[in-house]
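Q: Residue numbers (our numbering), protein chains in the order written: chain P, 13 to 286; chain B, 8 to 167. I'd like to ask you about the structure that follows.
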């Protein structure tokens with residue numbers, strides 16, 4: 013950090029702390045650290061939002077200007093995340109998985125009541141238990157929630173093409189108490205859809221017997237890992253397109269989820285007999 | 008040096024200038040801080056902030072304490088610096104004890120009233136009686152009447 017940047021951060025921290033404390037002159041170090049982390053999160057978020065060609069433009073802006081722009085951006089993300097939660101709720105699968113329903117109806121809503129975009133923008137109040145097929149990494153605050161909800165919406169969209177009773181049959185393969193497991197819904201659906209596609213079976217059926225599971229696995233384990241992954245991703249994206257997913261981002265997410273599945277091939281059973 | 012320490016070091020530069028400026032106002036009360044005094048107060052401030060786990064910005068609370076207490080009949084030129092240091096320590100200690108629920112100005116105003124009243128210039132009395140009452144009141148949300156400000160059953164009148 014240059015001396016100029018350090019001075020600008022100093023001015024920004026002072027300004028933020030004065031606002032936070034309502035005119036007081038000191039605060040516990042943990043509070044100052046939190047407010048500073050929040051400001052850094054806003055500035056970093058703003059920088060990330062810029063396309064590469066605009067990075068030069070950002071470098072010419074003062075820390076304070078970048079913070080103000082970053083704060084505006086985070087506020088916009090909050091509104092976007094609220095809209096995404098509404099969409100997720102409107103597309104919920106009729107599956108009685110407790111973590112899935114609790115996270116959407118009881119875990120995420122408190123985020124919007126407890127989130128402090130001004131002084132704790134990097135924090136994530138609320139309770140998110142439901143695991144995604146591909147976890148959100150490297151993000152915090154509302155950026156995390158927004159990305160989580162985007163991915164969940166894509167998962168709902170993908171899974172809604174399959175009959176709920178067929179999805180439940182897959183989940184039942186995890187055992188009697190599957191409703192209480194911290195288990196992602198799309199993961200087994202995607203796995204068996206890939207397996208079906210590889211064997212030229214209708215992917216919407218999701219049904220694979222023991223022999224078919226072995227056949228699908230053999231198609232992949234006999235290939236070099238990178239090739240197996242490419243084959244699985246192609247199959248996954250082909251299924252996704254067939255159920256109406258055409259966007260670059262949503263297909264990118266299907267790729268990510270398929271790659272994660274393929275990282276387990278040969279180590280664990282990926283396809284499910286049902 | 009981590010980022011917070013760097014910020015802290017930059018903030019310290021501002022403090023020296025601010026304290027020197029206070030002399031213009033306090034000289035009418037016969038109180039003046041020398042360069043050495045200012046240096047000592049800055050050192051003390053850092054130690055106190057470390058001990059109490061706090062960080063200051065701007066001119067810090069010392070300037071507010073100086074402006075608030077310089078007209079006290081109990082502050083003399085020969086113990087001016089020591090009294091300021093004691094007041095600052097007490098201020099931070101009770102700011103933490105009150106969970107930052109009381110503003111700087113409210114706390115200083117309260118301290119001044121006890122210091123000039125029942126405390127008769129004793130910072131020890133201020134800390135052990137009036138401020139204990141104040142922080143308990145803030146923490147538990149109980150009302151603090153004028154009659155309680157002197158400490159355990161004492162009133163300012165008892166000391167008059």
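Ideal Cβ positions, reconstructed from N, Cα and C, are used throughout, including at glycine.
If we call anything under 8 Å between Cβ atoms a contact, is residue 115 of chain P one with residue 142 of chain P?
A: Yes; because the gap between Cβ atoms is below 8 Å, this pair is in contact.
Q: Does the region 102-119 of chain P touch the region 221-237 of chain P, meaning 3 or more C-beta pairs lie closer than 8 Å?
A: The answer is no - the region 102-119 of chain P does not touch the region 221-237 of chain P, with fewer than three Cβ pairs under 8 Å.
Q: Buried or exposed: which applies to residue 50 of chain P, given that a residue is buried once 16 or more other Cβ atoms fall within 10 Å of its Cβ?
A: Residue 50 of chain P should be labelled buried.
Q: Return helix, strand or coil for residue 40 of chain P, following the three-state DSSP convention.
A: Strand at residue 40 of chain P.
Q: For residue 208 of chain P, which residues of its own chain have a beta-carbon under 6 Å away from its beta-carbon, when the five flanking residues on both sides are left out?
A: So the list reads 215, once near-sequence residues are dropped.
Q: Along the chain, which unbroken stretches of the beta strand (DSSP E) at least 3 residues long are found entirely within the region 87-145 of chain P?
A: The qualifying runs do not exist here; there are none.
Q: What three-state label does DSSP hand residue 72 of chain P in the structure shown?
A: Coil, per DSSP.
Q: Spell out whether any CB of chain P is found under 8 Å from the CB atom of residue 107 of chain B.
A: So, interface residue.
Q: Among P/249, P/27, P/32 and P/20, whose alpha-carbon lies nearest the alpha-carbon of residue 73 of chain P?
A: The shortest C-alpha separation from residue 73 of chain P is found at P/20.
Q: With contact counted as at least three CB pairs below 8 Å, one residue from each stretch, are the region 272-286 of chain P and the region 47-54 of chain B in contact?
A: Flag = no, the region 272-286 of chain P and the region 47-54 of chain B do not touch.
Q: With a CB to CB cut of under 7 Å and the five nearest residues on each side skipped, what residues in its chain are close to residue 172 of chain P?
A: Excluding sequence neighbours, residue 172 of chain P sits near 103 and 105.
Q: Please state the DSSP three-state secondary structure of residue 127 of chain B.
A: Coil at residue 127 of chain B, not helix or strand.
Q: Do we get a CB-CB distance below 8 Å when we pair residue 26 of chain P with the residues of chain B?
A: Taking Cβ atoms only, chain B reaches closer than 8 Å to residue 26 of chain P, which makes this a yes.
Q: Whole alpha helix (DSSP H) runs in the region 188-267 of chain P with 4 or more residues, listed along the chain?
A: You should have 198-210, 222-233 and 237-254.
Q: Hey, residue 218 of chain P and residue 182 of chain P: beta-carbon distance below 8 Å or not?
A: Yes, they are a contact pair.
Q: Which residues in the same chain as residue 81 of chain P place their Cβ atom closer than 7 Å to its Cβ, once the five residues preceding and following it in sequence are excluded?
A: Counting only Cβ-Cβ distances below 7 Å, and skipping sequence neighbours, we find 58.
Q: For a test of the three-state rule: what should DSSP assign to residue 23 of chain B, helix, strand or coil?
A: The answer is helix: DSSP assigns residue 23 of chain B an H, G or I state.
Q: Going by alpha carbons, who is nearest to residue 229 of chain P out of P/144, P/79 and P/210?
A: It is P/210 whose Cα lies nearest to the Cα of residue 229 of chain P.
Q: Can the beta-carbon of residue 24 of chain B be found closer than 8 Å to that of residue 26 of chain P?
A: Going by C-beta atoms, residue 24 of chain B is not nearer than 8 Å to residue 26 of chain P.
Q: How far does the alpha helix (DSSP H) with residue 181 of chain P in it reach, from first residue to last?
A: Per DSSP, residue 181 of chain P belongs to the alpha helix (DSSP H) from 176-184.
Q: What would DSSP say about residue 83 of chain B, mapped onto helix, strand or coil?
A: Looking at residue 83 of chain B - three-state DSSP - the assignment turns out to be coil, as it is neither helix nor strand.
Q: Please state whether DSSP places residue 108 of chain B in a helix, a strand or coil.
A: In the structure shown, residue 108 of chain B sits in coil (DSSP, three-state: anything other than H, G, I, E or B).
Q: Looking at the structure shown, is residue 317 of chain P part of a helix, part of a strand, or coil, going by DSSP?
A: It is not possible to answer for residue 317 of chain P, since the shown part of chain P is limited to 13 through 286.
Q: Where residue 32 of chain P and residue 147 of chain B are concerned, what is the direct C-alpha to C-alpha distance, given to the nearest angstrom?
A: Between residue 32 of chain P and residue 147 of chain B, the C-alpha separation is close to 23 Å.
Q: To the nearest angstrom, report how far apart residue 162 of chain B and residue 136 of chain B are at their CA atoms.
A: Because residue 162 of chain B sits at a pLDDT of 44, beneath the cut-off of 50, its placement in the model cannot be relied upon, and the following sentence gives the value as read from the coordinates. Answer to the nearest angstrom: the Cα atoms are 11 Å apart.
Q: Using a Cβ cut-off of 7 Å, pull out every chain B residue sitting near residue 36 of chain P, in sequence order please.
A: The contacting residues are 110 and 111.
Q: Using a Cβ-Cβ distance cut-off of 8 Å, determine whether residue 61 of chain B contacts chain P.
A: Yes - at least one Cβ of chain P is within 8 Å of the one on residue 61 of chain B.
Q: Residue 55 of chain P to residue 73 of chain B, Cα distance in whole Å?
A: Roughly 37 Å between the two C-alpha positions.
Q: Cα separation between residue 223 of chain P and residue 85 of chain P?
A: Spanning the two alpha carbons is a distance of roughly 52 Å.
Q: Just mark residue 166 of chain B as buried or exposed, buried being the case when its beta carbon has 16 or more other beta carbons within 10 Å.
A: Below a pLDDT of 50, predicted positions are generally treated as unreliable, and residue 166 of chain B, at 38, falls in that range; no measurement from the model is reported.
Q: Whose C-beta lies closer than 7 Å to the C-beta of residue 164 of chain P among residues of the same chain, with five residues either side of it excluded?
A: Closer than 7 Å at the Cβ level, and outside the excluded window around residue 164 of chain P, lie 100 and 144.
Q: May I ask you to verify whether the region 77-84 of chain B touches the region 55-62 of chain B, counting CB pairs closer than 8 Å and requiring at least 3?
A: Cβ pair count under 8 Å is below three, so no.
Q: Could you check which residue in P/203, P/186 and P/202 has the C-alpha nearest to that of residue 195 of chain P?
A: Ranking the options by Cα distance to residue 195 of chain P, first place goes to P/186.
Q: Is residue 145 of chain B close to chain P, meaning its C-beta is less than 8 Å from at least one C-beta of that chain?
A: Output row for residue 145 of chain B: interface = no.
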